[in-house]
Every structure is written in C-alpha cells, then in structure tokens.
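The numbering used here puts the first residue of the sequence shown at 6, with every later residue one more than the last.
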Amino acid sequence: MSKPNAHRVTLSDVARLAGVSSQTVSRVVNNHPYVSSATRRRVEEAIRQLDYRPNRAARSLATQRTCMLGIISFGINHYGPAQMMTNIEQMAKTKGYGVSFSTVRDMSSAELRRAMEALGGRLVDGVVFITPVTGVRRSDLAALCGDIPFVQIDTELSAQVPSVVIDQHYGSRLATQHLID
C-alpha cells in the first residue's frame with residue numbers, strides 16, 4: 006500500500022537526477038535511437054534509483070493512443086482461442102502494448118456490446134474478435150467498434166471485414182499428405 010502523500014516520481018525528477026532535459030529522458034523511455042550510450046546509461050540508472058514508472062494516462066493524452074488492445078473471445082476454455090489470446094498478448098508486449106480481455110457467452114449483439122463495454126468503454130486502440138460471429142453482421146461490428154480498428158480471427162464475415170482465417174480443411178489435407186508421402 007502506498008503512502009497517502011507519497012510523491013509520484015516524474016520524468017522531471019529523473020531528468021534532474023541524471024542531469025539531462027526531460028526531453029532526453031523521454032527519448033530514453035521511448036527507446037529513441039539518437040541518445041548517446043553514456044547519456045542513456047545515466048538516465049537508465051536514474052530511472053532505476055527512483056523506481057520511475059511512466060504515467061500511461063499522460064502518455065495516452067499526449068499520443069492519443071492507449072497502447073492497449075482489446076480481445077473479445079468465446080470458448081476461452083478451449084485450446085485454440087486460449088492459445089490465440091496468449092500469442093496475441095505476447096506479441097503485443099513486444100510492441101509496447103497491453104491487452105485487455107473480455108469473454109462472451111454467445112454471439113448476440115447485446116453480448117458483444119457488453120464485452121466491448123467491459124474493455125473500458127472503447128479505451129483500446131484496436132479490437133481482436135476471437136469468436137465465431139457468424140450471426141453478426143459486419144455493420145453491427147462496425148457500429149460496435151466505431152472508429153476503433155478491428156479484426157476477426159477464424160471467421161470470415163465478408164470481404165469488407167478484416168479477417169485472419171485458418172483453412173482447417175486444406176491444412177488437414179496437407180498434414181495427411183505429408184504423412185502418406
């Protein structure tokens with residue numbers, strides 16, 4: 006539990022300790038290439054000493070991005086969707102993104118809307134649907150997401166919906182042919 010009046014360490018605090026500008030600290034935090042290795046080490050040491058944690062809210066305000074992806078999934082207890090969620094989260098981390106999950110019981114528009122609201126009322130930069138949304142129209146998903154980009158995995162709704170589809174039949178034929186050969 007934190008102290009009631011504890012001072013939150015700021016970028017300026019790190020800059021003061023490292024003897025550099027706030028802009029230089031920002032460049033180090035954002036892994037900008039134009040910082041000398043000696044300066045980078047000094048800033049990283051100040052970050053470590055002060056236990057500095059970047060303020061996500063401030064970053065979101067400045068960049069107009071939350072660095073969060075939303076995943077809406079059905080069948081989380083099944084291997085396929087669970088593995089996809091794990092892989093998406095791992096890739097997102099490598100790009101500096103966090104992931105927020107929401108599960109659905111069925112494919113109704115109301116249930117998908119509830120899941121979207123659970124993701125923080127659209128406070129995500131993109132949404133991945135790992136659901137067989139065969140009963141939902143593209144216009145419903147577009148209305149649900151508004152201006153947030155989205156992609157559907159494993160179900161192709163139409164050519165207008167960004168989708169990643171796995172051809173299970175072709176994959177099975179290739180695997181079988183490989184074993185026979």
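Ideal Cβ placement from N, Cα and C applies to all residues, glycine included.
Apply the 10 Å Cβ neighbour rule to residue i and answer buried if 16 or more other Cβ atoms are within range, or exposed otherwise.
i	result
Ala-115	exposed
Ala-180	exposed
Pro-86	buried
Val-19	buried
Ile-185	exposed
Arg-47	buried
Ile-81	exposed
What residues match up with residue i in a beta bridge as DSSP calls it?
i	result
Phe-155	Val-132
Phe-106	Ile-76
Ser-168	Gln-157
For residue i versus residue j, is the C-beta distance shorter than 7 angstroms?
i	j	result
Val-132	Ile-153	yes
Gly-101	Met-73	no
Leu-22	Ala-43	no
Ser-17	Ser-27	yes
Ser-78	Ile-158	no
Ser-107	Leu-124	yes
Val-34	Pro-59	yes
Met-90	Ile-76	yes
Could you check the C-alpha separation between residue i and residue j for me, to the nearest Å?
i	j	result
Gly-24	Leu-55	14 angstroms
Arg-70	Gly-176	37 angstroms
Pro-167	Ser-105	20 angstroms
Asp-172	Thr-29	48 angstroms
Ala-148	Arg-110	20 angstroms
Tyr-39	Ala-63	23 angstroms
Pro-9	Arg-53	Below a pLDDT of 50, predicted positions are generally treated as unreliable, and Pro-9, at 49, falls in that range; the measurement from the model is reported next regardless. Cα to Cα, Pro-9 sits roughly 23 angstroms from Arg-53.
Can you tell which of the options has the C-alpha that lies nearest to the C-alpha of residue i?
i	options	result
Met-121	Met-112, Cys-150, Thr-99, Gln-95	Cys-150
Val-14	Ser-41, Asn-36, Tyr-57	Tyr-57
Any Cβ of chain C within less than 7 angstroms of the Cβ of residue i?
i	result
Arg-45	The structure shown contains no chain C; it is built from a single protein chain.
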